[in-house]
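Participant: Here it is, the structure in full.
There are 2 protein chains.
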Amino acid sequence: MADGARPAYLAETQEASYLQLHAEEIAAAARRIAPHVRRTPLLTTDLDPRLRLKPECFQVTGSFKVRGAFNAVLQLKERTPPPRGVIAVSSGNHAQALALAARTASLTALILIPEDANPAKVAATRSLGAEVLQDGITFENREQRLREVMAERGLTLVHPFDDWDIIHGQATAAREVLEDDPEVAAILAPTGGGGLLSGTALAAKIHRRDTLVIGVEPERADDAQRSFRSGAIQTLPSSPQTLADGVRTTAIGRRNFEVMVERRLVDDIVTVSEEEIERALVTAWLKLKLALEPTAALPLAAYLAGKAPPAEASPVGLILSGGNFDQAVVARLLGSA
Amino acid sequence: MADGARPAYLAETQEASYLQLHAEEIAAAARRIAPHVRRTPLLTTDLDPRLRLKPECFQVTGSFKVRGAFNAVLQLKERTPPPRGVIAVSSGNHAQALALAARTASLTALILIPEDANPAKVAATRSLGAEVLQDGITFENREQRLREVMAERGLTLVHPFDDWDIIHGQATAAREVLEDDPEVAAILAPTGGGGLLSGTALAAKIHRRDTLVIGVEPERADDAQRSFRSGAIQTLPSSPQTLADGVRTTAIGRRNFEVMVERRLVDDIVTVSEEEIERALVTAWLKLKLALEPTAALPLAAYLAGKAPPAEASPVGLILSGGNFDQAVVARLLGSA
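Chains as they are written, first to last, in this note's numbering: chain A, 1 to 337; chain B, 1001 to 1337.
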């Protein structure tokens, strides 16, 4: 890493000021989004007394994504002149979050969703007032189409993870965990593009430098782990086939990489098998009584498999990212378990 | 009703002192059980801004029943001499709650469970340290067998609902709802034997005399509604066949009747169809993101069907009683919806 050659005292000073800058932004994000998002509770559970659960399934729109979306959109709205509208590519939780944030800020939102996406998610995005463009959009051409449509219509991109305002918004979830239980010694969060994980890392290290932060991703989508280990962003050849449909991005973002790897604010990234995800999801429903989506079960999967955190770290906070599951998946897993 | 002929001022005075006595008992129950039960949060939801959800699925053992069980058992333990042990008939949430409370108080617990009960619930009760007796126990002979075994072994009965300590313990759930949101104008709770509903009624009327309290039961188990309307305890000919397996009792208890009907502290009791229960359960999973059991969906079913409360009452508290569902039932409902 680039700063490996610097004297330790200098690296530390720099880290302190780096964290201080982000701390101010995260505190501002928390104030900014408070009227629009829900302060989800921190739950304990009979399953394991070490666990502290942050159920973002109860968040507005059913996922943590509104935290970042509101933080980004409310700031865009204050620009002079304000943007014509916002645009994003997403078939998932970011689409609904951005649609709601834009509607709240009286901005138009255009969401590009690949043609083969789940019709229920398309309908949910439209019902929040966004325009949805699907014609000719595929997973492969979506980034290119995005640039074209942005230019045509003069819309402002709200990236789902590689954006500091998004990262600072997502950080408020872990910040609340640590407000509610300052003793939490380790936090586990899912990682796809790294927006939630890099925000979690900033919030945790601001709270206490030795709070462990561990990212969890599917084995089939191990680009974040490989990026973490190699010190360079690694990209998957194609969108991974995993039950955890919230983390199908092919690479983490540049800003997320800075926080997670270059600044070493994430302590480890572990992977879980599809079977471990399925088992954790069933455990979440049966034992935690939380109707989670598969992606939200990633931290529980790593915990139950004994992959993270070390046994001495307690209590352990799990960021359970959302509850927008496909009901056919629940029916299949509960029916066969 | 007996006090109908009394002057209004006298009836009111009596009600005030009646509520005052119960208020002290409920406050004492809250203090007594606090180290052993969980303070569940009060949730808001995107589904409807009027709703305030009390998710007792997150309660210790997965249902509100530990509130009453701990309040009863901890007081029994203080008797001189303490009881030899406790006994109950139950195949459901009371069994697990009593088993845990007894183990915590270092008392033995014997639970009579009919032979055809769900093996998972039997195992859960045993795993909490209770002795389970199933040999020759049927739904029909269970009360008689209970009396016989009580006498043989010198054990003390902890009735699941017709017991003031149980009622005062269950009352703490509604008390917390009103602590967390004192503006709640109506509370809906499931009713079987009436332990939760009579406790809810006491807590609500202590808080403010005009807080509406509405019980919800399946159409197929409408004895509480008929008792409420007729002014006399009505008994079902046999245990009703309803998806809401937590309310299969055939009649409300004498003490519950006193609170609910004689003292007029419940404002109404409404019934819901099996289809309405099924729809509400699916809505709880999909929209509330709560993995509820069917009985816990009763208040939501009444609310969604527009049966209670009146439109002007807002906010509306729903006591969602537990999350110990049969996974085959949920798999079927989510698979076919």
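Glycine residues also receive a C-beta, built at the ideal position from the N, C-alpha and C atoms.
1. Using the C-alpha atoms, what's the distance from residue 112 of chain A back to residue 1048 of chain B?
2. Chain B partners of residue 286 of chain A, CB-CB under 7 angstroms?
3. Can you give the Cα-Cα distance for residue 332 of chain A and residue 207 of chain A, rounded to whole angstroms?
4. For residue 155 of chain A, is the classification buried or exposed, using 16 other Cβ atoms within 10 angstroms of its Cβ as the cut-off for buried?
5. Hey, quick one: how far does the beta strand (DSSP E) through residue 216 of chain A stretch, first residue to last?
6. What does the Cβ neighbour count give for residue 1052 of chain B, buried or exposed, with the cut at 16 atoms within 10 Å?
7. Determine, using beta carbons only, whether residue 1322 of chain B and residue 1093 of chain B come nearer to each other than 7 angstroms.
8. Which chain A residues are close to residue 1070 of chain B, counting only those with a beta carbon under 8 angstroms from its beta carbon?
9. With a threshold of 16 other CB atoms inside 10 Å of the CB of residue 3 of chain A, please say whether the residue is buried or exposed.
10. Please go through the region 59-87 of chain A and give each complete alpha helix (DSSP H) segment of 4 or more residues, from N-terminal end onward.
11. Would residue 1077 of chain B and residue 1105 of chain B qualify as a contact pair, given that the criterion is a beta-carbon distance under 7 angstroms?
12. Chain A beta carbons: is any one of them nearer than 7 angstroms to that of residue 1281 of chain B?
13. Check the C-beta distance from residue 1289 of chain B over to residue 129 of chain A and give it rounded, since I have them as a contact under 8 angstroms.
14. Nearest to residue 1276 of chain B by CA position, among B/1013, B/1228, B/1101 and B/1296, is which residue?
15. Check residue 1045 of chain B in the structure and name its three-state DSSP category.
16. Below 6 angstroms CB to CB, which residues in the same chain sit around residue 1158 of chain B once its five sequence neighbours on both sides are set aside?
17. Less than 7 angstroms between C-beta atoms, sequence neighbours within five positions excluded: which residues of the same chain meet that for residue 1267 of chain B?
18. Do you know whose CA, among B/1083, B/1239, B/1152 and B/1197, lies nearest residue 1169 of chain B's CA?
19. Is residue 1116 of chain B helix, strand or coil when you go by DSSP?
20. In the DSSP output, which residue or residues are listed as bridge partners for residue 318 of chain A?
21. Strictly below 8 angstroms CB to CB, what residues from chain A border residue 1046 of chain B?
22. Which residues in chain B sit within 7 angstroms of residue 41 of chain A, going by Cβ to Cβ distance?
23. Report the rounded CA-to-CA distance for residue 1261 of chain B versus residue 124 of chain A, giving the unit in angstroms.
24. Let's test the definition: count the other Cβ atoms within 10 Å of the Cβ of residue 227 of chain A and tell me whether it reaches 16, buried, or not, exposed.
25. Would residue 1308 of chain B pass as an interface residue toward chain A - the criterion being a Cβ-Cβ separation below 7 angstroms?
26. List the DSSP bridge partners of residue 156 of chain A.
27. Identify each residue in the region 1106-1137 of chain B for which the Cβ-Cβ distance to at least one residue of chain A is less than 9 angstroms, and report them in chain order.
28. Beta-carbon separation of residue 1070 of chain B and residue 1033 of chain B under 7 angstroms?
29. Within 10 angstroms of its Cβ, does residue 318 of chain A collect 16 or more other Cβ (buried), or is it exposed?
30. Assuming the contact rule is C-beta atoms closer than 8 angstroms, residue 1043 of chain B and residue 58 of chain A should be a hit. Round their C-beta distance to whole Å, please.
31. With a cut-off of 7 angstroms, does the C-beta of residue 1330 of chain B fall near any C-beta of chain A?
32. Output yes or no for whether 7 angstroms exceeds the beta carbon distance between residue 1204 of chain B and residue 1313 of chain B.
33. Please list the residues of the region 1070-1100 of chain B that have a C-beta atom closer than 8 angstroms to any C-beta atom in chain A, keeping them in chain order.
34. Distance check for residue 306 of chain A and residue 41 of chain A, CA to CA, integer angstroms please.
35. Give the list of continuous alpha helix (DSSP H) stretches no shorter than 4 residues that lie fully inside the region 244-314 of chain A.
36. If you measure from the beta carbon of residue 1289 of chain B to each beta carbon in chain A, is any gap under 7 angstroms?
Facilitator: Let me spell this out:
1. Going from the Cα of residue 1048 of chain B to the Cα of residue 112 of chain A covers about 28 angstroms.
2. Chain B residues near residue 286 of chain A: 1327.
3. Just so you know, the alpha carbons of residue 332 of chain A and residue 207 of chain A end up roughly 41 angstroms apart.
4. That one is buried.
5. Note, residue 216 of chain A: beta strand (DSSP E), 212-218.
6. Counting Cβ neighbours within 10 Å, residue 1052 of chain B comes out buried, since at least 16 surround it.
7. Their beta carbons are under 7 angstroms apart, which means residue 1322 of chain B touches residue 1093 of chain B by this criterion.
8. For the C-beta of residue 1070 of chain B, not a single chain A residue is nearer than 8 angstroms; the gap to the nearest is close to 14 angstroms.
9. Unreliable positioning characterises residue 3 of chain A in this predicted model, as indicated by a pLDDT of 44, which lies under 50. A coordinate reading is not provided.
10. Note on the region 59-87 of chain A: whole alpha helix (DSSP H) runs with a minimum of 4 residues are 65-77, in chain order.
11. In this structure, the beta-carbon distance from residue 1077 of chain B to residue 1105 of chain B falls below 7 angstroms.
12. Output row for residue 1281 of chain B: interface = no.
13. In fact, because the Cβ distance is near 22 angstroms, the residues do not count as touching under 8 angstroms.
14. Here the closest residue by C-alpha is B/1296.
15. Residue 1045 of chain B: coil per DSSP, three-state reduction.
16. Excluding five sequence positions before and after residue 1158 of chain B, the CB atoms of its chain that fall closer than 6 angstroms to its own CB belong to 1072, 1086, 1088 and 1098, given in chain order.
17. Around residue 1267 of chain B: 1212, 1213 and 1214.
18. Residue B/1197 is the option with its Cα nearest to residue 1169 of chain B.
19. The answer is coil: DSSP assigns residue 1116 of chain B none of H, G, I, E or B.
20. For residue 318 of chain A, which the question treats as bridged, DSSP gives the partners A/53 and A/188.
21. Going along chain A in sequence order, the residues near residue 1046 of chain B (Cβ under 8 angstroms) are 60, 61 and 62.
22. Neighbours of residue 41 of chain A in chain B, taken as residues whose beta carbon is under 7 angstroms from its own, are 1041 in chain order.
23. The C-alpha of residue 124 of chain A is placed about 45 angstroms away from the C-alpha of residue 1261 of chain B.
24. Classification for residue 227 of chain A: buried.
25. It does not: the Cβ of residue 1308 of chain B has no partner Cβ on chain A nearer than 7 angstroms.
26. Residue 156 of chain A is bridged to A/86.
27. For the region 1106-1137 of chain B, which is checked against every Cβ of chain A, not one residue is closer than 9 angstroms.
28. For residue 1070 of chain B and residue 1033 of chain B, yes; Cβs fall inside 7 angstroms.
29. It is buried - the Cβ of residue 318 of chain A has at least 16 other Cβ atoms within 10 Å.
30. About 6 angstroms separates the CB atoms of residue 1043 of chain B and residue 58 of chain A; that is less than 8 angstroms, so the two are in contact.
31. At a cut-off of 7 angstroms between beta carbons, residue 1330 of chain B contacts chain A.
32. If you check the CB distance, residue 1204 of chain B and residue 1313 of chain B do not come in under 7 angstroms.
33. Flagged: no residues at all.
34. Near 25 angstroms, if we compare the C-alpha coordinates of residue 306 of chain A and residue 41 of chain A.
35. Within the region 244-314 of chain A, the alpha helix (DSSP H) runs of at least 4 residues that lie entirely inside it are, in chain order, 254-257, 274-283 and 298-304.
36. Put simply, the CB of residue 1289 of chain B is near chain A, with a gap under 7 angstroms to one of its CB atoms.
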